[in-house]
Amino acid sequence: MTSPTRSDLAYYAQQSPITDPGPHAPRLAALPGDIPAVRDATRELIHYYWADGGIAEHGFAPERIAEIDLRYSSAIFSRAFELADVPLTTPRPTLQRVVGCCRDAAVTFVSIARQVGIPARVRTGFATYLIGGWKMDHVIAEAWDAREQRWRRVDAQLEDGFADPTDGEVIDPLDVATDRFISSSQAWLAARAGEIHPNLFIVAPDVDTPGTSGRQFLVHNLLTELAALNKREMLCWDSWGIFDEAADGLTAARERELDDLARAMLDPGTPVADLAARYDRPGYRVPRSVLSFSHATPVPVTVELPDWVDP
1 MTSPTRSDLA YYAQQSPITD PGPHAPRLAA LPGDIPAVRD ATRELIHYYW
51 ADGGIAEHGF APERIAEIDL RYSSAIFSRA FELADVPLTT PRPTLQRVVG
101 CCRDAAVTFV SIARQVGIPA RVRTGFATYL IGGWKMDHVI AEAWDAREQR
151 WRRVDAQLED GFADPTDGEV IDPLDVATDR FISSSQAWLA ARAGEIHPNL
201 FIVAPDVDTP GTSGRQFLVH NLLTELAALN KREMLCWDSW GIFDEAADGL
251 TAARERELDD LARAMLDPGT PVADLAARYD RPGYRVPRSV LSFSHATPVP
301 VTVELPDWVD P
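Here is the structure:
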């Protein structure tokens with residue numbers, strides 16, 4: 001595997017339409033420019049809507065579930081400062097956190113990192129350390145370590161000392177090992193090689209909605225990973241393109257195409273231009289409207305996206 005070029009790192013140090021903090025940019029830019037400090041500024045922002053029984057059990061008003069659909073970091077920061085106008089590193093009581101999920105922690109981490117000059121990007125995949133025995137749908141961030149010349153996988157939602165329930169291994173949230181967070185590209189290749197059964201890759205053990213586990217869900221996460229590497233950091237429940245095709249079974253040619261895509265995304269040195277060319281194909285590129293399977297709505301809804309979808 002190769003290393004990214006300077007120009008590609010510069011690409012990931014610039015905000016996307018989704019991570020752009022808007023009016024909050026000066027507040028973010030004043031933060032220290034190192035990875036641990038960015039994580040500290042992120043970890044107080046989000047309450048995970050699925051944690052410990054759901055938001056009602058923590059005292060949230062039912063209508064606050066709508067916060068999980070905040071797509072842009074600027075909106076997440078605005079809501080956070082509306083709830084409590086305090087420095088980002090200040091501990092927040094539960095009800096002063098924005099209701100969201102791992103994707104929102106990753107997006108706000110990347111937003112802050114880019115604002116202080118650290119190349120960063122969102123990665124989708126599966127965590128082995130959330131529920132023992134399962135590969136759980138998860139989103140983290142990658143931040144470029146200039147001293148070590150490598151990407152670090154950062155899980156901004158984890159507390160210090162968090163242990164994998166499978167074996168008790170303590171997870172370093174600033175450098176998650178590749179066998180603990182399995183990127184979407186890793187997962188696809190492992191399933192194709194017969195190393196991990198595809199049905200172990202899931203949204204959650206108690207979710208049996210079609211498309212939320214197995215090969216179709218692996219395709220979904222490949223699409224979201226490719227979009228994120230092209231700085232289109234989508235919501236976890238956005239669906240488009242070949243996701244529907246995967247429900248009926250993929251052709252051998254499509255499977256080989258996805259194998260090649262996964263290998264490219266797995267290589268940290270794959271040029272941004274190469275990733276852009278792979279993204280800019282029918283069935284892969286984010287369209288002007290996506291189908292959202294949000295937990296905030298009783299049925300899937302079509303979401304119209306703005307002009308940033310088009311180059």
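The numbers in UniProt numbering rise by one with no breaks, and the one at position 300 of the sequence shown is 300. For every residue, glycine included, the Cβ atom is placed at its ideal position computed from N, Cα and C.
If you draw a straight line from the C-alpha of Val-286 to the C-alpha of Val-309, how long is it?
7 Å
Alpha-carbon spacing of Gln-149 relative to Asp-34, whole angstroms:
14 Å
Element boundaries [alpha helix (DSSP H), containing Val-110]:
102-115
Hey, could you find the ends of the beta strand (DSSP E) His-138 is sitting in?
135-145
Am I right that Tyr-72 and Ile-140 are in contact with their C-beta atoms under 8 Å? What's the rounded C-beta distance?
About 19 Å; that fails the 8 Å criterion.
Note down the Cα distance separating Pro-4 from Glu-142, rounded to an integer number of angstroms.
13 Å
Does the stretch 117-135 come within contact of the stretch 215-227, defined as at least 3 CB pairs closer than 8 Å?
yes
Give the single residue among Ala-228, Ile-68, Ala-113, Ser-78 whose Cα lies nearest to the Cα of Asp-40.
Ala-113
Does the CB of Leu-130 have a neighbour CB from chain C at under 8 Å?
No chain C is present in this structure, which holds just one protein chain.
Length of the line joining the Cα atoms of Asp-155 and Val-170
13 Å
Suppose the cutoff is 6 Å on Cβ atoms and the five residues either side in sequence are ignored; what does the same chain contact list for Ala-227 look like?
Met-234, Val-286
Can you check whether the CB of Pro-21 is closer than 8 Å to the CB of Phe-77?
yes
Identify which residue in Lys-135, His-58, Phe-217, Thr-94 has its Cα closest to the Cα of Leu-200.
Lys-135
Is Ser-183 near Trp-237, with beta carbons less than 8 Å apart?
no
Simplified DSSP assignment, three categories, for Ile-65
helix
Under the three-state DSSP convention, the category Glu-304 falls into
strand
What residue range does the beta strand (DSSP E) around His-47 cover?
46-48
Taking the alpha-carbon positions, what's the Ala-276 to Glu-57 distance?
43 Å
Report the partner residues of Asp-238 according to the DSSP bridge assignment.
Ser-292
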